[in-house]
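Visitor: As given, the protein sequences belong to chains G and Y, one line each in that order. Quick note on numbering: the first sequence equals residues 20 to 340 in the numbering used here. Quick note on numbering: the second sequence equals residues 20 to 340 in the numbering used here.
2 protein chains.
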Amino acid sequence: MAGRRPGQFELIARYFAPLARDFMGAGDLKSDNAFLPADARHDLVVKTDTIVAGVHFLPGERPERIAAKAVRVCLSDLAAGGATPYAYQLSLALPPRWTERWIAAFVRGLQADQRRYGITLCGGDTVATPGPLTITVTAFGRVPRGRGLSRAGARAGDELWVSGTIGDAALGLLAARHRLRSLALEKRYRLPQPRTVLGRRLVGIVHATADVSDGLLADAGHIAEASRLGLVVERERVPLSREARRVVASDPSLWAAVLGGGDDYELVMAVPPRRRAALLAAARAAGVKVSPIGVFTAGEGVRLTVAGRRTRPPRMGYVHF
Amino acid sequence: MAGRRPGQFELIARYFAPLARDFMGAGDLKSDNAFLPADARHDLVVKTDTIVAGVHFLPGERPERIAAKAVRVCLSDLAAGGATPYAYQLSLALPPRWTERWIAAFVRGLQADQRRYGITLCGGDTVATPGPLTITVTAFGRVPRGRGLSRAGARAGDELWVSGTIGDAALGLLAARHRLRSLALEKRYRLPQPRTVLGRRLVGIVHATADVSDGLLADAGHIAEASRLGLVVERERVPLSREARRVVASDPSLWAAVLGGGDDYELVMAVPPRRRAALLAAARAAGVKVSPIGVFTAGEGVRLTVAGRRTRPPRMGYVHF
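As structure tokens, this is what we get:
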């Protein structure tokens, strides 16, 4: 009945970006974050994310983990903005059969993440819904004035680096759905680890960042697009966990999930070669591994190579429609 | 199956307020708004509200009006904070059968309110939901540093004033549900008119404010509670529109809807008697009528009088559970 409908990015570009045209700090909604003045020395970095039961997390997931996921997907964006998080607002739409016990566990999850990330609740809303549990978090962070990172700003010749390992979450979702077996990967899907400590150390080192929420190639591609560049990614340099290596070795078609699946919440970064040492020092200080996996070029589009040969990239990006 | 469950205010007090304990500007979540530093001369005023189809607006409502409602319920809180709105983030959870035509109309509604209120979109999220249309808006405004208004701060002897007329929205909801006939009242329910022009003029004049979203007695009671005072409201002084007067005269049991129903989006204010002239001047400049309807007293609780005799208040406040 609906005919062909625009995808998420098309919707944003065609309908929502024009509404933000006059807001300098919104970057035409191409950035993960909005930047607002905070004080003489800082910008406020703001990001809103919504997660829905059965869409963004498994129905029946433990409330502590749902709380963590709701908060952490936003903190991941703040990390990509180079921001230090400090507060959040929470909107909770509760389905008919909620219990006080569920709320108590959910709040314990929030409390644990408040301590872990140094953030505090500063407002929100609680409503009833006849539909699934729906949670919106708006997270606030600070970054030195004018120094916030975004997807735009990469230059031709910059290397593409990525933090941690890629693909665990997408493979973990397959594990949670019993399409493959791996408890370790499943946990990685259920409980994202945003790179908040690394993110704030990237200010002044990298030219552009994004977090890997839609999928490695999609999110690295967002940097290329926002920076009006092309990008070459070498598949064999993409860092995999030992567990991911094992399952991909046994079924190479899973590379599509690794490169195209979302929810890794690692950072992809455009790094000028002369800043390589600074990046490695920042990563060491943050206790995070970083790996170079490609290079930004003149032109446009994302090319994937396997053993030096150009390959058709898998489906690009996890789009929630 | 769930046993007795806490109401919305109990949930907030017991579970969510402790999470905000360390955030000075959150006022223990007893305020409508959070206050964050904005620049040397201003605080940023932030408010998040969620509306759900079938709960907060009628299913099948026109998309332009849904957009207006989503934005305006937040702007009403900013007005109660004394803030001048300037930006908002929007999270849209779209049900399965959304159409591009619907989106286009919804965005036209946002565009019209951006012009009307001088605000601009600065970020957000768009996701799919198997449930009803769910919209979360986080609105941002500015107020002179340290001067933001909240529910706390009323003093014994302050008069309770209210803007505009009360009860139209609750009666309008009954009209929309065919329990009574009045197109004028129905429109008032469907399309709130937040008092943004009056709100910002109240800074330095009133001691405390709230917007009437839960119901006149409930929201005036929130001021009393946050200010640790009692409150007497005289029913015959509560300003009604001609249309509301007509329907209440024909069925006095509708007073319960007038005093206890929500969605008026007027402002209730605690005003020291010596500032009465300043309030009237501010209201005149804003083109809004204001009326004194009661007085704050030592003690606690809300008392309603009818012709000088104490009366049992109707069910207090529209709680969305």
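Every residue, glycine too, gets a C-beta built ideally from N, C-alpha and C.
Assuming ALA158(G) contacts PRO104(G) (C-beta within less than 8 Å), just tell me the rounded distance between them.
Guide: Translated into positions along the first sequence, residue 158(G) becomes position 139. Translated into positions along the first sequence, residue 104(G) becomes position 85. So it is a contact: roughly 6 Å between Cβ atoms.
Visitor: Any idea if ARG220(Y) is buried or exposed, counting beta-carbon neighbours within 10 angstroms, 16 or more meaning buried?
Guide: In the second sequence, the residue the question calls residue 220(Y) occupies position 201. Classification of ARG220(Y): buried, given that the 10 Å Cβ count is 16 or more.
Visitor: Have a look at GLN130(Y) and ASP230(G) and give me their C-alpha separation to the nearest angstrom.
Guide: Translated into the one-based positions of the second sequence, residue 130(Y) becomes position 111. Translated into the one-based positions of the first sequence, residue 230(G) becomes position 211. Going from the Cα of GLN130(Y) to the Cα of ASP230(G) covers about 30 Å.
Visitor: What residues in the stretch 72-99 of chain Y have a beta carbon less than 8 Å from any beta carbon of chain G?
Guide: If the cut-off is 8 Å between Cβ atoms, the stretch 72-99 of chain Y has GLY73, VAL74, HIS75 near chain G.
Visitor: Tell me whether SER269(G) sits in a helix, a strand or coil according to DSSP, three-state version.
Guide: Here residue 269(G) refers to the residue found at position 250 of the first sequence. Looking at SER269(G) - three-state DSSP - the assignment turns out to be helix.
Visitor: In the DSSP output, which residue or residues are listed as bridge partners for ALA289(G)?
Guide: As a working note, residue 289(G) is residue 270 in the first sequence. Its beta-bridge partners are LEU179(G), ALA227(G).
Visitor: Around the Cβ of ASP41(Y), are there at least 16 other Cβ atoms within 10 angstroms (buried) or fewer (exposed)?
Guide: For the purposes of this step, residue 41(Y) is taken as the residue at position 22 of the second sequence. Per the 10 Å Cβ criterion, exposed.
Visitor: Answer yes or no: does any C-beta atom of chain Y fall closer than 7 Å to that of TYR34(G)?
Guide: Here the question's residue 34(G) lines up with position 15 in the first sequence. Yes, its Cβ sits closer than 7 Å to a Cβ of chain Y.
Visitor: Name the chain G residues whose beta carbon is nearer than 9 Å to that of THR228(Y)?
Guide: Taking the second sequence and counting its residues from 1, one reaches residue 228(Y) at position 209. Correct list: empty, because the minimum Cβ distance to chain G is about 16 Å.
Visitor: Along chain Y, which residues have their Cβ under 9 Å away from the Cβ of ASP58(G)?
Guide: For this step, residue 58(G) is matched to residue 39 along the first sequence. Those within 9 Å of ASP58(G) in chain Y are PRO56, ALA57, ASP58, ALA59.
Visitor: VAL65(G) bridges to which residues according to DSSP?
Guide: Counted from its first residue, the first sequence places residue 65(G) at position 46. Bridge partners of VAL65(G): ALA53(G), PHE159(G).
Visitor: Less than 6 Å between C-beta atoms, sequence neighbours within five positions excluded: which residues of the same chain meet that for GLY73(G)?
Guide: As a working note, residue 73(G) is residue 54 in the first sequence. So the list reads PRO151, once near-sequence residues are dropped.
Visitor: Would GLY281(G) be called buried (16 or more neighbouring beta carbons within 10 Å of its own) or exposed?
Guide: Numbered from its first residue, the first sequence carries residue 281(G) at position 262. Answer is buried; the Cβ neighbour count reaches 16.
Visitor: Going by alpha carbons, who is nearest to ALA53(G) out of PHE125(Y), ALA57(Y), CYS141(Y), TRP117(Y)?
Guide: Here residue 53(G) is taken as the residue at index 34 of the first sequence, counted from 1. Comparing Cα-Cα distances from ALA53(G) to each of PHE125(Y), ALA57(Y), CYS141(Y), TRP117(Y), the minimum goes to CYS141(Y).
Visitor: Taking 7 Å as the CB-CB cut-off, is LEU38(G) touching chain Y?
Guide: Position 19 of the first sequence, counted from the first residue, corresponds to residue 38(G). So, interface residue.
Visitor: Kindly list, in the order they appear in chain Y, the residues whose Cβ is closer than 8 Å to that of ARG24(G).
Guide: To locate residue 24(G), count along the first sequence from 1; it is residue 5. Going along chain Y in sequence order, the residues near ARG24(G) (Cβ under 8 Å) are TRP117, THR118, GLU119.
Visitor: Please report the distance separating the alpha-carbon of ALA86(G) from that of GLY137(G).
Guide: One-based indexing of the first sequence puts residue 86(G) at position 67. One-based indexing of the first sequence puts residue 137(G) at position 118. Whole-angstrom Cα-Cα distance: 15 Å.
Visitor: Look up ALA39(G) in the DSSP assignment and say whether it is helix, strand or coil.
Guide: By one-based count along the first sequence, residue 39(G) stands at place 20. The answer is helix: DSSP assigns ALA39(G) an H, G or I state.
Visitor: Counting pairs of Cβ atoms below 8 Å between the stretch 159-172 of chain G and the stretch 208-227 of chain G, do you hit three or more?
Guide: Yes, they touch.
Visitor: Mind checking if VAL126(Y) is an interface residue toward chain G, Cβ cutoff 7 Å exclusive?
Guide: In the second sequence, residue 126(Y) corresponds to position 107, counting from 1. Judged by the 7 Å Cβ criterion, VAL126(Y) is in contact with chain G.
Visitor: DSSP on VAL277(Y), reduced to helix/strand/coil?
Guide: Numbered from 1 along the second sequence, position 258 holds the residue referred to as residue 277(Y). VAL277(Y) falls in the helix class under three-state DSSP.
Visitor: Check whether the stretch 93-110 of chain G and the stretch 312-325 of chain G are in contact - that is, three or more C-beta pairs closer than 8 Å.
Guide: No, they do not touch.
Visitor: Starting from VAL90(Y), follow the beta strand (DSSP E) in both directions and report where the run begins and ends.
Guide: Counting from 1 along the second sequence, the entry for residue 90(Y) is found at position 71. Counting along the chain, VAL90(Y) falls outside any beta strand (DSSP E), though it belongs to the alpha helix (DSSP H) covering 82-99.
Visitor: What are the residues that DSSP puts in a beta bridge with VAL325(Y)?
Guide: As a working mapping, residue 325(Y) is identified with position 306 in the second sequence. Note: VAL325(Y) sits in a beta bridge opposite ARG328(Y).
Visitor: Comparing alpha-carbon positions, which option in GLY313(Y), PRO25(Y), ALA102(Y), THR139(Y) lies nearest LEU2(Y)?
Guide: With chain Y represented from 20 up to 340, any question about residue 2(Y) goes unanswered, as that position is not in the structure.
Visitor: How is ARG119(G) classed by DSSP in three states: helix, strand or coil?
Guide: Here residue 119(G) corresponds to residue number 100 of the first sequence, with the count starting at 1. Note that residue 119(G) corresponds to Glu in the displayed sequence, not to Arg. Here GLU119(G) sits in helix by DSSP.
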